[in-house]
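Numbering (the numbering used here), first residue to last: 42 to 162. Cβ coordinates follow ideal geometry from the N, Cα and C atoms, glycine included. Reading through the structure tokens given below for one structure.
This is the structure:
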């Protein structure tokens with residue numbers, strides 16, 4: 042496995058721990074639909090939260106969240122729709138970005154709630 046794959050897995054594992062500690066229930070990880078992958082699908086009392094995890098070891102070039110472009114948003118929305126329909130959920134859906142920056146052994150978290158919505162596509 043590559044270092045970037047290992048780092049991505051480490052970041053997603055940290056994200057799951059972070060969200061669980063915040064009271065989120067994790068419904069799925071790495072949910073695939075066609076060409077789309079949702080990193081984490083979580084639930085709160087009345088919402089399904091689609092979480093895109095973006096991690097970096099440096100923000101020298103750009104912040105991690107800037108990597109979520111219009112194409113990625115569209116794919117996430119389509120995959121979320123598939124998950125919601127297959128699981129018969131009737132609730133609000135929220136799209137969050139969890140931007141993680143790891144410096145040495147310490148993670149910094151920027152949890153962007155409602156980062157975008159389905160009307161953007």
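The beta carbon of residue 72 sits closer than 8 Å to the beta carbons of 78, 79, 82, 120 and 124 from its chain, once the five residues preceding and following it are set aside; these are given in chain order. Rounded to the nearest whole angstrom, the C-alpha separation of residue 98 and residue 141 is 8 Å. Minimum Cα-Cα distance from residue 48 among the listed residues 159, 156 and 144 corresponds to 144. Going by beta carbons, residue 135 and residue 88 fall inside the 8 Å limit.
Residue 84 has its alpha-carbon roughly 6 Å from the corresponding atom of residue 65. In this structure, residue 122 keeps its C-beta atom at 8 Å or more from the C-beta atom of residue 90.
Excluding its 5 nearest sequence neighbours in each direction, residue 76 has C-beta neighbours in its own chain below 7 Å: 116, listed in chain order. From the listed residues 68, 152, 157 and 158, the smallest Cα separation to residue 128 is found for 68.
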